[in-house]
Each structure stands twice: as structure tokens, then as C-alpha cells.
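Heads up: the sequence shown begins at 1 in full-length UniProt numbering, then just goes up one per residue.
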Amino acid sequence: MHALLPTTAPLPLFDVAASRRIESRALAHSPDLMERAGLAVAKLALALRRGEGPVWVVCGPGNNGGDGRVAARRLAQRGVPVHVGHDTPERPALVIDALLGLGLNRAPSADMLATMVAMQSCGAPILAVDLPSGLLADTGQAAGERAVRADHTLTLLTLKPGLFTGEGRAHAGRIWFDDLGIAPDEAATATLLGPAPLPERSATSHKGSHGQVLVVGGAPGLQGAARLAARAALACGAGRVYLDLLGQSAGEPADPAWAELMRGSLAALPQAVGVIGCGGGAAIAQALPDLLQRLQHLVVDADALNALAADPGLQALLRSRPAGSTLLTPHPLEAARLLGRDTRNLQADRLAAARELAARCNATVVLKGSGSIIASPGERPALCASGGPALGTAGSGDVLAGWLGGLWAQQPTHGAHAIACAGVDAHGRAVEAGGVWRAGDLIDRLAARR
Ligand SMILES: NC(=O)C1=CN([C@@H]2O[C@H](COP(=O)(O)OP(=O)(O)OC[C@H]3O[C@@H](n4cnc5c(N)ncnc54)[C@H](OP(=O)(O)O)[C@@H]3O)[C@@H](O)[C@H]2O)[C@@H](O)CC1
Ligand SMILES: Nc1ncnc2c1ncn2[C@@H]1O[C@H](COP(=O)(O)OP(=O)(O)O)[C@@H](O)[C@H]1O
């Protein structure tokens with residue numbers, strides 16, 4: 001058993017159907033899985049309980065409850081006071097939430113909701129067994145009007161996507177994992193990202209070896225977004241970074257605060273990696289046909305995504321681009337516009353939405369937000385557990401787009417999926433040590449990790 005985040009390597013995620021298959025094959029040779037699960041829960045509970053009061057074990061009707069009962073027995077054997085039931089004991093030292101796990105298949109009943117409220121309000125920390133009760137393992141959404149908000153979740157046998165995306169992170173608390181001694185024997189549903197190495201530099205390399213980025217955007221009043229993207233691309237290590245500031249006179253400096261950035265345009269830079277749409281306003285729509293047809297590598301963000309959503313002709317150009325050459329970075333509202341759905345409906349199953357959008361656009365899609373998802377045609381989707389609410393600040397998405405462009409400029413033979421996985425994970429890790437308040441700080445933190 002170990003705490004899971006931050007990840008040190010990529011990890012396989014399994015949805016409910018795959019977890020069930022792994023479990024049923026494992027049970028054939030290891031019939032004591034529930035004993036192992038309950039023992040792991042009891043061990044963690046011993047470390048987490050606060051004070052000498054009883055450990056309150058709330059068991060549901062299925063095997064999740066079974067794990068809870070084994071844990072209760074093991075704790076009692078160690079002389080720990082234990083209360084098993086749905087009524088709140090006095091001054092509990094810990095709550096073990098073993099009400100509902102993988103088998104959650106409908107909105108919890110009123111009785112269960114009342115028990116969840118009691119757990120939540122009793123004042124003790126909550127350790128969820130496998131999943132916080134009421135949270136759907138595949139999507140990270142509550143099946144009904146609420147799910148338990150745990151302080152810790154010990155997930156068992158397999159890692160489930162819903163712990164890491166949607167509302168999962170807010171409900172799971174600190175995530176622990178015990179594989180119960182079983183190695184998964186089938187392909188993962190998705191991959192939880194680990195850290196990716198930064199591009200290597202040979203001793204004889206020079207700025208011409210490190211690629212070019214062309215940021216197209218920054219319409220009047222919106223230059224900040226384009227400049228953040230350009231600064232991030234440069235901080236990432238791109239050899240030269242140019243800005244095509246839409247609707248700005250040629251005399252306007254690329255970025256008065258960053259003298260290294262230059263003005264440029266598609267006509268002069270057909271080999272550059274395009275980072276398009278940051279602060280693009282309405283003007284980006286006119287530039288898009290040329291950009292979509294002429295640039296070999298494109299990161300498409302913000303207003304360029306909105307322009308695409310509004311124009312089937314542009315969507316056809318997008319789909320006709322070669323495989324692996326386009327990377328879209330929508331936040332949920334932008335993704336919902338592209339799919340013609342509402343955001344709530346899209347967020348209900350982020351993994352499925354990202355896959356659908358990737359297939360529809362013939363592109364890699366980074367569906368941003370807590371637990372960003374990276375989906376590409378023909379690739380196993382990836383899920384990012386790094387980052388957090390510190391990224392919820394204006395311009396952090398522009399920084400991501402620029403960083404992705406900078407990575408791609410240095411590694412032009414990589415496909416969009418690999419670039420997205422590396423860049424999204426690094427963007428999240430940059431805030432984990434704290435100290436990021438503005439998108440500009442984020443650029444400094446990303447650069448410091450190089
Ligand atoms: N077998 C093993 O060795 C291992 C098992 N493991 C453990 O087993 C867990 C999975 O167990 P599980 O399949 O029994 O599902 P579980 O989450 O207990 O729920 C099913 C029960 O809840 C009910 N129910 C569902 N939704 C409901 C609702 N909204 N409101 C009310 N009731 C609802 C559902 O009712 P039904 O649909 O049948 O009417 C059924 O009775 C897994 O998460 C892990 O903890 C692992 O440790 C590995 C080793
Ligand atoms: N709670 C959170 N957890 C993880 N990542 C987050 C969270 N909130 C925001 N982010 C990340 O911050 C970035 C915000 O991007 P975006 O919404 O496009 O911002 P902007 O348009 O201001 O640049 C995305 O990479 C998103 O995944």
C-alpha cells in the first residue's frame with residue numbers, strides 16, 4: 001500500500017468493466033482477496049485515526065461493505081474500539097466509508113444519503129474504501145445528489161479513472177493504492193500520466209536546432225494571452241519564438257517586456273510550430289484557413305477553437321490534416337461548443353467526451369480541467385493527475401498552449417499525443433510546490449524545472 005500522487009511513472013487505469021474482469025480472474029486463484037482488502041484498510045485506518053474514540057465502520061450491502069467488515073474485525077483484533085453500523089457513535093476517531101464502491105449503479109437511496117450526511121458531519125476524518133461512496137468509478141461524477149467527500153481513499157486491486165478526473169479529486173482526498181498482490185492481466189482503459197523527460201540538447205546544438213514557434217493571436221486588447229503563450233514557448237526552450245499579433249501595426253513590439261520575442265507571420269515562417277488562437281478574438285477566423293492548410297504542427301486554443309465550432313468549413317479543413325499533426329486544447333466550455341453539447345452534459349463523462357471530440361476532429365484533444373484528459377484517434381487516452389486549483393488563474397491555459405508549442409518545436413518528430421502528455425503533466429507539476437499566483441509565475445516555475 002502506498003500514497004499515489006504525485007506519480008513517479010505512468011500507471012494503468014481500469015474502468016468498472018475491466019476491474020470486474022481482473023477481479024473475477026484473480027478470485028479463481030486468490031479467493032482471499034476480500035481478506036487482503038480488509039487488512040489493508042485496517043492498517044491504513046490505524047495510521048489515520050485521531051484519538052482513542054471508536055473507528056466508525058459504515059458498511060453497505062455488497063462487497064465494499066464486506067471489505068469494511070473485515071477491516072472492523074482486524075481492528076478489533078488489535079484492540080481498537082470499533083463501531084459497525086449506520087448510527088453515529090460518540091466522538092469517532094475515524095470513519096471508514098464502506099457503503100458503496102465499484103457496484104454503485106444508481107442514485108443512492110434516501111437512507112444512504114442520510115448516512116453519507118451523518119458521516120460527513122461527525123467531525124472525524126473519512127477513509128473511503130476503494131471509492132468515496134456515491135462516486136462513479138468511470139467518470140468521477142456523483143451518481144445522485146451527493147457523494148462522500150473523503151479525506152483519504154484507499155483504492156483496491158485497480159486504479160479507477162473516476163478518482164482522478166471530474167469531481168474525483170475533490171471527493172477522494174489523498175489517494176492510496178493497494179493492488180492486493182494482483183498484477184493486472186489486461187490492457188489498461190487509460191493511462192495515468194507520469195513525468196516525461198524534457199527534450200535533450202546536444203553540446204553542439206544552437207538556436208536553429210531548437211525549432212521555431214509562431215504564436216498567432218493577440219488581437220487589440222487581447223495581446224496578453226498571445227504574449228503569455230509566446231513567453232512559455234521560449235521558456236520551454238524553443239530556439240526562436242515569433243508573434244503574429246492580429247490587427248496590430250508592424251511597429252508594435254512583439255512584447256515590450258521580453259525583448260527576445262519577435263514579430264513574424266505565416267508567410268515568412270512556414271516551418272514553425274503554430275500556437276494559434278490565444279487572444280485571437282474574431283480576427284483569428286480569417287487567418288484559420290491558411291494556418292490549417294500550411295502549418296505542419298498546430299496547437300489550437302481559445303478563440304481558434306470557438307471559430308472552428310462556428311464554421312463547418314473550417315472543421316472540414318481540420319479533419320483533413322495529417323494524423324498526429326494537430327493538438328486542440330479546449331476547456332470544457334470550448335469542448336462543449338465543438339461537440340454541440342452543453343458543458344454539464346460533457347462533464348458527466350469527460351473521458352468519453354474527449355475521445356468523441358478527438359475522433360470527430362481527427363486530432364489530439366486535451367480536455368482541460370481537474371484531471372485533464374488527452375485523447376487521440378488510435379491511442380489509449382491519458383489522464384493527468386498533476387496540477388490543482390492554483391492553475392485556475394487567467395492565462396494559465398495560454399501558458400500551456402505555448403509550452404506545448406515549445407516542446408513540439410524541439411521534438412518535431414513526436415506526434416501530438418506524446419507532446420500533449422509531456423506538456424500537460426509538466427504544466428500541472430509546476431504548481432505543486434505552491435507559490436504560483438499568476439500565469440507569469442507559472443512560466444517561471446515551468447522554466448525552473450528545465
Ligand atoms: N470480491 C472481492 O474479493 C473484492 C472486492 N472488492 C471490493 O468490492 C467492491 C465491489 O463490490 P460489489 O460489486 O459488491 O459492489 P458494492 O460497491 O459493494 O455495491 C453493490 C451493492 O450496492 C447496491 N447498490 C448499488 N448502488 C446502490 C445505490 N445507489 N443505492 C443503494 N444500493 C446500491 C447493490 O444493490 P443491487 O444493485 O444489487 O440491488 C449491491 O447490493 C469494491 O468496490 C471493493 O471495495 C475489492 O476489494 C477487491 C476484492
Ligand atoms: N482545479 C484544477 N485542477 C487542475 N487543473 C486546473 C484546475 N483549474 C484549472 N486548471 C488548469 O488550468 C488551465 C486553465 O486553462 P484555461 O481555462 O484555458 O485558462 P485561460 O483561458 O485563462 O488561459 C488548464 O490547463 C486547466 O486544466
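Here a beta-carbon is modelled for each residue, glycine too, at the ideal position from N, C-alpha and C.
Would you mind reading off the limits of the alpha helix (DSSP H) that contains residue i?
i	result
Arg240	Premise fails: Arg240 lies in the beta strand (DSSP E), 240-245, not in any alpha helix (DSSP H).
Ile374	Careful: Ile374 lies outside any alpha helix (DSSP H), inside the beta strand (DSSP E) at 373-375.
Asp87	Counting along the chain, Asp87 falls outside any alpha helix (DSSP H), and DSSP gives it neither H nor E.
Gly66	63-77
Val117	110-121
Val399	396-410
Ala190	Per DSSP, Ala190 belongs to no alpha helix (DSSP H); it is in the beta strand (DSSP E), 190-192.
Quick one, which of the options has its alpha-carbon nearest residue i's?
i	options	result
Thr326	Gly428, Asn306, Gly194, Trp408	Trp408
Ser372	Pro330, Tyr242, Arg341	Pro330
Ala71	Leu27, Leu44, Leu39, Asp138	Leu39
Leu13	Gly280, Val95, Ala254, Thr191	Thr191
Trp176	Ala110, Val41, Ala426	Val41
Ala235	Asp441, Arg149, Gly103, Cys361	Asp441
Ile96	Ala107, Gly166, Gly66, Glu167	Gly66
Gln223	Ile443, Gly280, Gly140	Gly280
Gly101	Gln212, Leu75, Asn64, Cys122	Asn64
Ala172	Ala439, Leu5, Trp403, Asp425	Leu5
Gln293	Val273, Glu260, His29, Leu317	Leu317
Gln212	Gln410, Ile443, Gly435	Gln410
residue 480	Cys122, His2, His427	No answer is possible for residue 480: the residues shown for the chain start at 1 and end at 450.
Ala282	Ala336, Val273, Thr115, Ala219	Ala219
Ala268	Gln286, Pro256, Val241	Val241
Leu245	Leu308, Met262, Ala118, Ala114	Met262
Leu383	Pro389, Pro377, Leu367	Leu367
Cys122	Ala114, Glu145, Leu154, Pro92	Pro92
Thr155	Asn345, Leu135, Arg146	Leu135
Here's a check: name, in chain order, each residue in its chain whose Cβ is nearer than 8 Å to the Cβ of residue i, leaving out the five neighbours to either side.
i	result
Arg21	Glu186
Asp138	Asp15, Val16, Lys160, Pro161, Gly162, Asp349, Leu351
Kindly indicate the opening and closing residues of the beta strand (DSSP E) around residue i.
i	result
Thr153	152-156
His297	297-300
residue 480	With the chain represented from 1 up to 450, any question about residue 480 goes unanswered, as that position is not in the structure.
Pro12	11-13
Ile419	Premise fails: Ile419 lies in the alpha helix (DSSP H), 416-429, not in any beta strand (DSSP E).
Arg174	174-178
residue 453	The structure shown does not extend to residue 453, since the chain is modelled only from 1 through 450, so no value can be given for it.
Ala128	126-129
Thr326	326-328
Gly58	The sequence shown places Val at residue 58, not Gly. Counting along the chain, the beta strand (DSSP E) containing Val58 begins and ends at 55-59.
How many Å lie between residue i and residue j at the Cα?
i	j	result
Arg321	Gly237	26 Å
Ala418	Ala430	19 Å
Val55	Gly85	11 Å
Pro312	Val275	21 Å
Leu295	Leu328	14 Å
Gly217	Gln347	28 Å
Pro61	Met112	11 Å
Trp258	Ser396	18 Å
Leu446	Leu391	12 Å
Leu298	Asn105	41 Å
Ile284	Val365	20 Å
Ala250	Ala150	56 Å
residue 456	Thr393	Look at the range of the chain in this structure, 1 to 450, and you will see that residue 456 is not part of it.
Pro132	Val148	5 Å
Leu75	Ala47	11 Å
Pro125	Ala183	31 Å
Gly194	Glu432	14 Å
Looking only at its own chain, which residues have a Cβ that is under 7 Å from the Cβ of residue i, when we skip the five neighbours before and after it?
i	result
Gly415	Gly324
Glu379	His417
Arg450	Leu198, Gly237
Arg355	Ala375, Pro381
Apart from the five residues just before and just after residue i, which ones in its own chain have a Cβ nearer than 6 Å to its Cβ?
i	result
Asp398	Ala225, Leu228, Ala229, Cys278
When DSSP builds the beta bridges, which residues end up paired with residue i?
i	result
Gly275	Correcting the residue identity first, residue 275 is Val in this sequence and not Gly. Answer by DSSP bridge pairing, in chain order: Val215, Val299.
Met262	Tyr242
His331	Answer is none; His331 lacks a bridge partner.
Leu159	DSSP output for Leu159 lists no bridge partner at all.
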